[in-house]
Structures are given as C-alpha cells and as structure tokens.
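Q:
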C-alpha cells in the first residue's frame with residue numbers, strides 16, 4: 001500500500017489584503033500540511049501546483065519554503081510536485097532549483113515510484129499549447145499509477161467558457177491507465193469517478209478569496225488492492241467570520257454593528273454582506289467598528305440598489321460598445337490590437353481569465369512568426385462622428401461608475417500575476433474578484449505582467465531563479 005498527502009494551491013507569498021499577517025498565514029498552512037505528513041508517516045507529499053502565488057517569490061517566501069521542505073527531507077518524506085500557472089516561468093522553474101538541492105522531485109512523463117505506486121506529472125499548459133499534447137508516458141512496473149496536474153478540468157469544474165481541458169479526454173488519450181488523477185487549481189475540493197479513475201481536486205490550504213467559505217485542508221490518497229481511496233482532512237487556518245445582514249426599512253449602521261458585534265472577531269478576517277431595504281450604510285464605519293472589536297481586517301459589501309426603485313427617471317443610454325467601436329475605428333490599430341480589444345471587451349471569456357487569454361493570443365502570434373499582425377494599420381478609417389459627440393450635441397450625458405466587484409482579473413494561465421479575491425481562483429476560480437481576493441483565480445494582487453515582461457523578465461529588484469542557481 002502507498003499512502004500520500006495530496007495538496008496544492010498553497011500560494012506562498014500571497015499578501016492578501018496587503019497584510020503581512022496574511023502572507024504568514026499561507027506559509028503556516030503549508031507548514032501544517034508538512035508536519036501532518038511527518039506525524040502521520042505518509043509515504044510522500046504530492047503537490048498539484050501553485051506552490052507560490054507569483055512567478056517571482058520574494059526572498060522571505062523562498063526561505064520559508066526551503067525550511068518546510070527541509071522538515072520533510074529530514075523526516076524522509078519525499079516532496080513530489082508539478083508546476084502551476086501562478087509560479088510558471090520561462091527560463092526554468094523553482095521546482096528545478098529545489099530538486100537540484102535534493103528537496104523536491106518535479107514530476108513528468110517518467111515514473112517516480114513511491115512504494116507500489118508510479119507517479120507522473122503534467123505541468124500547467126496554456127490553452128494555446130494543449131492541442132500539441134500527446135499524453136504519452138514512459139511505462140512502469142508498479143502496481144498502481146497516478147497522474148498529477150494543474151488546471152481547470154471538466155467534468156469537475158463547470159465550463160463557463162474558460163475551461164478547455166477535459167479529464168475524460170486526457171485519460172482516454174493517455175497510453176497508461178491511472179488509478180487516480182490528482183489535480184490542483186480549483187480551490188474547492190472536488191472528486192468524481194471518471195470512467196473508472198478517481199479524479200480529485202485537493203482544494204487550497206488557505207482562503208485566497210472571500211468566496212472560499214469551506215474549511216481548508218488536503219486529501220489523503222491510499223493506493224491498495226488495485227484501487228485508490230480518497231479521504232479528506234482539514235487544517236486549522238485563520239478564522240473568517242461571515243456576517244450577512246438583511247436590513248429592514250429604517251435600519252442602518254447601528255443594526256449592522258449589532259449583528260457584527262454578536263461574533264467573536266478576535267484576529268479574524270470579517271466579511272460583511274448587506275442587503276435589504278434599510279438606510280444607506282457607510283462601509284468604512286463598519287470596518288472601523290470590526291477593527292475596534294479585534295478583527296485583523298474587515299470588508300463590507302453593500303449589495304443593495306440604493307436608488308429609490310419607485311422613482312421614475314427618463315434616461316436614455318447610447319450603446320457603449322458602439323461608442324467604443326467608433327472611436328477605435330479611427331485609431332489605426334494593428335490586427336493584433338483589434339483582436340485583443342475584442343477579447344477584453346466583447347468576448348465571453350470570464351473576467352478572471354482575460355489576462356491569461358490575452359497573453360496566450362500574443363504568444364501564439366509571436367510563436368507563429370506573425371509579426372505583421374502587430375503593425376499599425378497604414379490607413380486608419382476616417383474618424384466619424386461618435387456616439388459621444390452626438391450625445392454632446394443633444395445636451396445629454398452618460399454617467400457610469402465602475403464598482404470593485406469583478407474588477408481585478410486573476411491570471412490563470414502562464415501569466416500568473418495573481419488572483420486572489422478570485423483567485424482563486426484561478427481559470428479557476430470562476431468567481432468575481434475584489435480587492436480582498438486572489439483569481440481565478442484573484443485579492444487585489446498586482447496587475448498581470450505584460451507579455452513583453454513575461455517573455456523577458458527584467459531586473460525589478462525581485463530575485464529571479466538565476467539568482468539562486
């Protein structure tokens with residue numbers, strides 16, 4: 001029998017809510033998993049990607065990771081892993097560095113046998129490159145086999161237009177039979193029997209998004225008697241207190257404070273959702289109150305329509321897409337720029353995956369040698385009267401505001417700048433992201449790196465892989 005811990009999406013280095021304490025929380029959760037592995041005497045720790053939250057982890061994050069890996073190594077527990085989208089680099093992977101130090105094994109198409117089980121790996125692969133995959137793996141003589149990968153796979157993750165990897169296809173096309181398909185990227189634990197193979201997500205070890213309400217933990221996978229058995233174990237993490245307040249008419253700040261005050265907020269992350277027909281609420285006052293009650297941080301979301309629904313307003317809005325198209329038509333944009341504009345503005349790609357989709361398309365054009373696509377149009381269309389011009393002439397104005405929800409796309413593919421109010425979510429996280437999430441997902445992480453930076457990482461003061469080789 002072979003017994004392993006299946007974990008992933010540790011997102012080390014993620015400073016959620018811009019708080020160093022949350023950054024430490026992510027490392028503490030990873031250390032908890034490692035210590036459980038040592039105490040339980042498992043045969044290996046299998047990590048399914050997104051060890052780091054960023055492709056350029058800071059020195060403290062690297063040192064913290066090394067200390068955890070050394071604990072495993074000192075106890076004789078192998079650390080097997082694949083590369084996720086968040087930490088993926090162009091010029092070598094951090095896992096390769098750890099492997100060169102004897103602290104980790106990067107899984108690939110050659111078997112790594114632990115006990116009576118052969119483990120294989122499939123790193124995260126951008127959508128634009130998946131058609132080239134052949135799912136060919138070297139043979140093994142072990143009693144069992146498991147494939148470890150990172151990405152959003154059907155049928156476990158619903159396809160909202162951003163899932164183009166199918167576990168059924170991978171298992172059908174692979175030249176080997178697998179007892180288990182161990183996955184990372186989806187932060188919610190999932191499992192399903194897919195044509196005789198257990199396919200499972202281990203979930204994240206810390207909450208990278210306020211939408212991740214379930215307890216955090218990992219999977220324990222046992223290979224014996226020709227099958228895989230999967231169980232779940234939770235780990236202690238920082239308390240998240242979720243408070244939902246439905247305000248009746250005439251109720252406001254005081255009622256919200258009353259509801260929030262009924263909870264023990266000591267050192268907790270507090271998420272307050274407000275709905276109902278009550279008076280307007282000032283989020284800053286509620287957040288300040290929660291902090292005074294001992295909360296580490298608080299976030300308030302007022303989900304109500306604050307405008308009086310009984311007020312009749314005669315308002316006419318022009319189609320904003322028409323206005324944008326008219327303006328762009330006179331700018332002489334290149335073919336590539338027009339394609340990216342459609343991706344960002346008009347496609348059905350989920351917000352959390354726009355950054356990665358854009359990067360994939362730029363990379364595809366560069367890899368195909370289609371550099372003409374980046375040349376500006378030689379004869380831009382003459383600038384016609386725009387919708388905005390007509391509105392000015394009529395004396396009408398259009399006033400729009402941008403809310404925070406869904407505003408921070410979380411990179412899910414090669415670009416991995418981060419998603420953590422989403423982030424979850426990753427491709428993944430298939431959830432709106434706010435300044436308190438990862439994103440796909442994606443916290444209020446730094447903006448996704450532009451394609452040029454991904455292709456050639458410059459010296460930005462952050463350590464690169466070369467600094468440690």
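Numbering (the UniProt record's numbering), first residue to last: 1 to 469. Note that the Cβ used here is the ideal one computed from N, Cα and C, for glycine as well.
#1: Quick one: what's residue 3 bridged to in DSSP?
#2: Taking residue 116 as the reference, which of 94, 1, 275 has the closest Cα?
#3: Less than 8 Å between the C-beta atoms of residue 69 and residue 103, yes or no?
#4: To which residues of the same chain is residue 291 closer than 8 Å at the C-beta, ignoring the five residues directly before and after it?
#5: Give me the Cα-Cα distance between residue 27 and residue 189, rounded to the nearest whole angstrom.
#6: For a test of the three-state rule: what should DSSP assign to residue 110, helix, strand or coil?
#7: Taking C-beta to C-beta, are residue 192 and residue 152 nearer than 8 Å?
#8: Quick one: Cα of residue 334 to Cα of residue 357, how far?
#9: I'd like the span of the beta strand (DSSP E) that includes residue 274, first residue to last.
#10: Within this structure, are the beta carbons of residue 205 and residue 29 separated by less than 8 Å?
#11: Return helix, strand or coil for residue 230, following the three-state DSSP convention.
#12: How is the beta strand (DSSP E) around residue 184 delimited, first residue to last?
#13: Quick one, which of 227, 122, 145, 237 has its alpha-carbon nearest residue 183's?
#14: Going by beta carbon distance, what residues of the same chain come within less than 6 Å of residue 504, once the five residues before and after it are set aside?
#15: By DSSP's criteria, residue 166 is part of a beta bridge. Which residues make up the other side?
#16: Helix, strand or coil for residue 204 per DSSP?
#17: Check each candidate in 168, 209, 218, 215 and name the one with the smallest Cα separation from residue 196.
#18: When the Cα atoms are used, what is the spatial distance from residue 289 to residue 260?
#19: Closer than 6 Å by C-beta to residue 9: which residues in its own chain qualify, once you throw out the five before and the five after it? Chain order, please.
#20: Helix, strand or coil for residue 135 per DSSP?
#21: Tell me which residues share the same chain as residue 25 and place their Cβ nearer than 6 Å to its Cβ, disregarding the 5 neighbours each side in the sequence.
A: With the given structure in hand:
#1: In the chain shown, counting from the first residue as 1, residue 3 sits at position 3. According to DSSP, which records beta bridges pairwise, residue 3 is partnered with 222.
#2: The residue labelled residue 116 in the question sits at position 116 within the chain shown. Per the Cα distances, 1.
#3: On the chain shown, position 69 is the one that residue 69 refers to. On the chain shown, position 103 is the one that residue 103 refers to. Cβ atoms of residue 69 and residue 103: closer than 8 Å.
#4: As a working mapping, residue 291 is identified with position 291 in the chain shown. The answer, listed in chain order, is 297, 298.
#5: Within the chain shown, numbered from 1, the residue matching residue 27 stands at position 27. Within the chain shown, numbered from 1, the residue matching residue 189 stands at position 189. Approximately 20 Å between the Cα atoms of the pair.
#6: Taking the first residue of the chain shown as 1, we reach residue 110 at position 110. It is coil, neither helix nor strand.
#7: For this step, residue 192 is matched to residue 192 along the chain shown. For this step, residue 152 is matched to residue 152 along the chain shown. Their beta carbons are not under 8 Å apart, which means residue 192 does not touch residue 152 by this criterion.
#8: Counting from one through the chain shown, the residue named residue 334 turns up at place 334. Counting from one through the chain shown, the residue named residue 357 turns up at place 357. Spanning the two alpha carbons is a distance of roughly 18 Å.
#9: As a first step, residue 274 must be located in the chain shown, where it is residue number 274. Residue 274 -> beta strand (DSSP E) spans 269 to 276.
#10: One-based indexing of the chain shown puts residue 205 at position 205. One-based indexing of the chain shown puts residue 29 at position 29. Against a cut-off of 8 Å, the Cβ pair of residue 29 and residue 205 comes out as a contact.
#11: The sequence position of residue 230 within the chain shown is 230, counting from 1. Here residue 230 sits in strand by DSSP.
#12: Mapped onto the chain shown, residue 184 falls at position 184. Segment 180 to 184, the beta strand (DSSP E) holding residue 184.
#13: Counted from its first residue, the chain shown places residue 183 at position 183. The candidate whose alpha carbon is nearest that of residue 183 is 122.
#14: Nothing about residue 504 can be read from this structure; the chain reaches only from 1 to 469.
#15: In the chain shown, the residue the question calls residue 166 occupies position 166. DSSP lists 154 as partners of residue 166.
#16: Translated into the one-based positions of the chain shown, residue 204 becomes position 204. Coil at residue 204, not helix or strand.
#17: Against the chain shown, residue 196 aligns to sequence position 196. For the residues 168, 209, 218, 215, the minimum Cα distance to residue 196 belongs to 168.
#18: Counted from its first residue, the chain shown places residue 289 at position 289. Counted from its first residue, the chain shown places residue 260 at position 260. If I take the Cα positions, the gap works out to 9 Å.
#19: Stepping through the chain shown from its first residue, residue 9 is reached at position 9. Closer than 6 Å at Cβ, skipping near neighbours: 50, 184, 187, 204.
#20: The count along the chain shown starts at 1 and reaches residue 135 at position 135. Coil, per DSSP.
#21: Within the chain shown, numbered from 1, the residue matching residue 25 stands at position 25. Here the set comprises 206, 238.
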